[in-house]
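Using UniProt numbering, the letters of the sequence shown correspond one by one to residues 1 to 163. Reading through the structure tokens given below for one structure.
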Amino acid sequence: MTTLKYLSGYAPSLQQQVQALIDQDRLGAWLEQRYPPQPQHLIQSDAALYEYTQRLKQEHMRSSGPISKVYFDTRMHVIDNALGQHQFVSRVQGSKLKAKNEIKVSAMLKTLPEPLLRMVVVHELAHLREKDHNKAFYQLCWHMEPDYHQLELDLRLFLTLRD
């Protein structure tokens, strides 16, 4: 039995189901059934990702602080199960302190289905209001993306398949 490192927080029964799909070499087919092959989504550049993120923010989080930068990071790999990162950057400019919110997303998400990219962007946007992964954080994620938890699981299954 292989170690399902991306699914370690899930119920043993779910892990057993995934392991059975892996053992039968059917995980890829199962994911393909959920996400039929389609042309790559159009969010392939940093500018497109910024626009996509701003639309989601405008739709669900108008009162949150502005986002100064959103970009794909080609060096970002799955570290601590993260495919996105929210940074609150403070810089001194003269006698003033400038604070900016930046979001970076793994470039790997360019090749995955758009709903999985959306899930990561929603996750990082939620960090504008909630810094910790607490109940309020996940409620905000669910508010922006009702299928958030299923998409998070599916993304973890794609990562498991990739490994």
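Note that beta-carbon positions come from the ideal geometry of N, C-alpha and C, so glycine has one too.
In this structure, the beta-carbon distance from Lys100 to Gln44 does not fall below 7 Å. Note on geometry: alpha-carbon atoms of Pro115 and Lys98 lie some 33 Å from one another. If you ignore the 5 residues before and after Tyr35, its C-beta comes within less than 6 Å of the C-beta of Pro113, all in its own chain and listed in chain order.
By the Cβ neighbour-count rule, Arg118 is buried, with 16 or more other Cβ atoms within 10 Å of its own. Less than 7 Å separates the beta-carbon of Leu27 from that of Leu161. Boundaries of the beta strand (DSSP E) harbouring Asp73: 67 to 73, taken from the DSSP string. Within the same chain, Leu27, Trp30 come within 7 Å of Leu21 by CB-CB distance, once the 5 residues on both sides are set aside.
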